[in-house]
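In this note's numbering, the protein residues as written are 1123 to 1703.
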């Protein structure tokens, strides 16, 4: 079925309502090859079985001896932007709502420090909900909301042909009810962007004049000449909680990111802080990048973000963030990526009659670990909630990847799954010990985002103690990074006709024809036994195919690990797979 940008936005809004409904599944934990694979219960902490790791770089012992990250102390600034008056300390008003109607020019050029200062001040007050949206707007259905049309000629910087970026604004209504404040920074001066109903076409929608005046902004999206000169295409969209989506050349909306995650898959329910205010820096003529500042606010924390967005064949987003917890946070997700996985040839239980070969925005989780190991973990649509953890030190990089780029792998003329972007995270400063955590949630269709991956710090974030970190995001159609080893290009799972045992087929490919010659398989399982592992050339791809059967020995869960080696050195990615009865 079609998955247009507005429908993806709908998916992102529905996901918060979907997670709590499925957090009743069970889970477990195994440490394999230096990679912790955890399956946790939603109602109790997941047990952890500690086994000697094969690589010293990612052992549990290393995590215990590694120094805990120390959050930098951010000193209060001497001055605050004029639109953040000193009345912020008043108990009768909230920091978000004390901005005057018009901003006087700042004495100093606007900078990220002022957003940090505002987030810090805001954290010292109780969380306040967004002003309510007019009930008539909240009552709009999906099709009606889509008819709230922003006039293209009203896009920011349209009249300046030297600026290669445009900003289009999105109204509140339907499920997008939180109000977002917007500011434009020009020559270092921040000026509020007031709501202007005249910039929208309302057609015959059931909204009164008062409703239209009180609507307000829900978010915005930026366009740029991404695919061809002179044609402005969607580049990045901020809309709904702290979600944002990014495109590179040749891609369509698929996976998304968030500012942060709190208590994902927790039985107490997940919390969704929101970007409540943005500052958009007017780019210089011919600029290659655009900068956006954002203020995050939620029940448990506030935060300040700086996004530097550079479009192209790969779109890079450099992120710097500072968080000010209002309470002690023990289940934080840093740099979370959200996606959808419904089924593919490696699914255990397809259980549907869909004509398509595969349906997913992302195919697998890819990791580059500090010990030099490259890992590929195919995603799953499980029968119950699954939580897996990998590594104990921040990876050099990780991401959700869509590897198959041919139409025949999906056979969907409308959804264009072969064009969904890869999302790669390269950690920067401020990342300490923790776990890379993958959450897989059961779904019965392709409209629910059911995959979340993020870094979970081992140390709790203490109330009032700022946490500062940075990372780079790469959004791309081609592989975001190129590993020096052979990559997994296909995973297929079935039942052996002869033995009735689970059977696995893994294809490896490399541009180096000699790399895989005479390679040997190394296959292991956490339970049961591996039967008849065989490696043979794949004459169709020029790579190698590994096949084996699994004797479960009545185990209900087996964590599988496979790779190709030469002289005891890996020449392929490490393939991981969770099998359940």
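Don't be surprised by glycine CBs; every beta carbon is placed ideally from N, CA and C.
Just so you know, these numbers come straight off a predicted model, no measurement behind them.
Starting from residue i, trace the alpha helix (DSSP H) in both directions and tell me its first and last residue.
{"i": "residue 1267", "result": "1264 to 1268"}
{"i": "residue 1735", "result": "The chain is shown only over 1123 to 1703; residue 1735 falls outside these bounds and no answer can be derived."}
{"i": "residue 1332", "result": "1331 to 1335"}
{"i": "residue 1091", "result": "Only positions 1123 to 1703 of the chain appear in this structure, which leaves residue 1091 out of reach."}
Between the C-alpha atoms of residue i and residue j, what's the straight-line distance to the nearest angstrom?
{"i": "residue 1447", "j": "residue 1539", "result": "38 Å"}
{"i": "residue 1500", "j": "residue 1374", "result": "22 Å"}
{"i": "residue 1444", "j": "residue 1361", "result": "20 Å"}
{"i": "residue 1261", "j": "residue 1296", "result": "6 Å"}
{"i": "residue 1356", "j": "residue 1518", "result": "29 Å"}
{"i": "residue 1438", "j": "residue 1593", "result": "11 Å"}
{"i": "residue 1385", "j": "residue 1455", "result": "8 Å"}
{"i": "residue 1545", "j": "residue 1523", "result": "6 Å"}
{"i": "residue 1346", "j": "residue 1460", "result": "24 Å"}
{"i": "residue 1277", "j": "residue 1476", "result": "41 Å"}
{"i": "residue 1495", "j": "residue 1551", "result": "22 Å"}
{"i": "residue 1285", "j": "residue 1309", "result": "14 Å"}
{"i": "residue 1292", "j": "residue 1649", "result": "52 Å"}
{"i": "residue 1170", "j": "residue 1381", "result": "Note on residue 1170: pLDDT 32, under 50, position unreliable in the model; the coordinate value appears next. Distance between the alpha carbons of residue 1170 and residue 1381 is about 29 Å."}
{"i": "residue 1265", "j": "residue 1532", "result": "27 Å"}
{"i": "residue 1702", "j": "residue 1674", "result": "10 Å"}
{"i": "residue 1691", "j": "residue 1632", "result": "16 Å"}
{"i": "residue 1231", "j": "residue 1307", "result": "9 Å"}
{"i": "residue 1628", "j": "residue 1353", "result": "42 Å"}
{"i": "residue 1686", "j": "residue 1668", "result": "9 Å"}
{"i": "residue 1403", "j": "residue 1340", "result": "19 Å"}
Give a yes or no on whether the C-beta atoms belonging to residue i and residue j are separated by under 7 Å.
{"i": "residue 1401", "j": "residue 1457", "result": "no"}
{"i": "residue 1607", "j": "residue 1693", "result": "yes"}
{"i": "residue 1412", "j": "residue 1520", "result": "no"}
{"i": "residue 1559", "j": "residue 1578", "result": "yes"}
{"i": "residue 1364", "j": "residue 1396", "result": "yes"}
{"i": "residue 1568", "j": "residue 1481", "result": "yes"}
{"i": "residue 1556", "j": "residue 1580", "result": "yes"}
{"i": "residue 1370", "j": "residue 1511", "result": "no"}
{"i": "residue 1647", "j": "residue 1682", "result": "yes"}
{"i": "residue 1348", "j": "residue 1405", "result": "no"}
{"i": "residue 1253", "j": "residue 1301", "result": "yes"}
{"i": "residue 1338", "j": "residue 1268", "result": "no"}
{"i": "residue 1588", "j": "residue 1553", "result": "no"}
{"i": "residue 1623", "j": "residue 1671", "result": "yes"}
{"i": "residue 1468", "j": "residue 1645", "result": "no"}
{"i": "residue 1503", "j": "residue 1565", "result": "yes"}
{"i": "residue 1237", "j": "residue 1417", "result": "yes"}
For residue i, count neighbouring C-beta atoms within 10 Å of its own C-beta (all shown protein chains included) and say buried if the count is 16 or more, exposed if not.
{"i": "residue 1698", "result": "buried"}
{"i": "residue 1684", "result": "buried"}
{"i": "residue 1530", "result": "exposed"}
{"i": "residue 1528", "result": "exposed"}
{"i": "residue 1358", "result": "buried"}
{"i": "residue 1424", "result": "buried"}
{"i": "residue 1663", "result": "exposed"}
{"i": "residue 1700", "result": "buried"}
{"i": "residue 1657", "result": "buried"}
{"i": "residue 1609", "result": "buried"}
{"i": "residue 1621", "result": "exposed"}
{"i": "residue 1505", "result": "exposed"}
{"i": "residue 1113", "result": "Since the first residue shown for the chain is 1123 and the last is 1703, residue 1113 is missing from the structure and cannot be characterised."}
{"i": "residue 1391", "result": "exposed"}
{"i": "residue 1617", "result": "exposed"}
{"i": "residue 1604", "result": "exposed"}
{"i": "residue 1535", "result": "exposed"}
{"i": "residue 1696", "result": "buried"}
{"i": "residue 1574", "result": "buried"}
{"i": "residue 1661", "result": "exposed"}
{"i": "residue 1342", "result": "buried"}
Considering residue i, what are the terminal residues of the beta strand (DSSP E) in which it resides?
{"i": "residue 1354", "result": "1353 to 1361"}
{"i": "residue 1243", "result": "Residue 1243 -> not in any beta strand (DSSP E); alpha helix (DSSP H) instead, spanning 1234 to 1245."}
{"i": "residue 1592", "result": "1589 to 1598"}
{"i": "residue 1562", "result": "1556 to 1562"}
{"i": "residue 1673", "result": "1665 to 1673"}
{"i": "residue 1399", "result": "1396 to 1403"}
{"i": "residue 1461", "result": "1454 to 1461"}
{"i": "residue 1553", "result": "From DSSP, residue 1553 is part of no beta strand (DSSP E); its letter is neither H nor E."}
{"i": "residue 1496", "result": "1496 to 1500"}
{"i": "residue 1697", "result": "1696 to 1702"}
{"i": "residue 1708", "result": "Not covered by the structure: residue 1708. The range shown for the chain is 1123 to 1703."}
{"i": "residue 1290", "result": "1288 to 1293"}
{"i": "residue 1445", "result": "1436 to 1447"}
{"i": "residue 1513", "result": "Careful: residue 1513 lies outside any beta strand (DSSP E) and carries neither H nor E."}
Return yes when the C-beta of residue i is under 6 Å from any heavy atom of the ligand ADP, and no when it is not.
{"i": "residue 1427", "result": "For the ligand ADP, the structure offers nothing, since it holds no ligand at all."}
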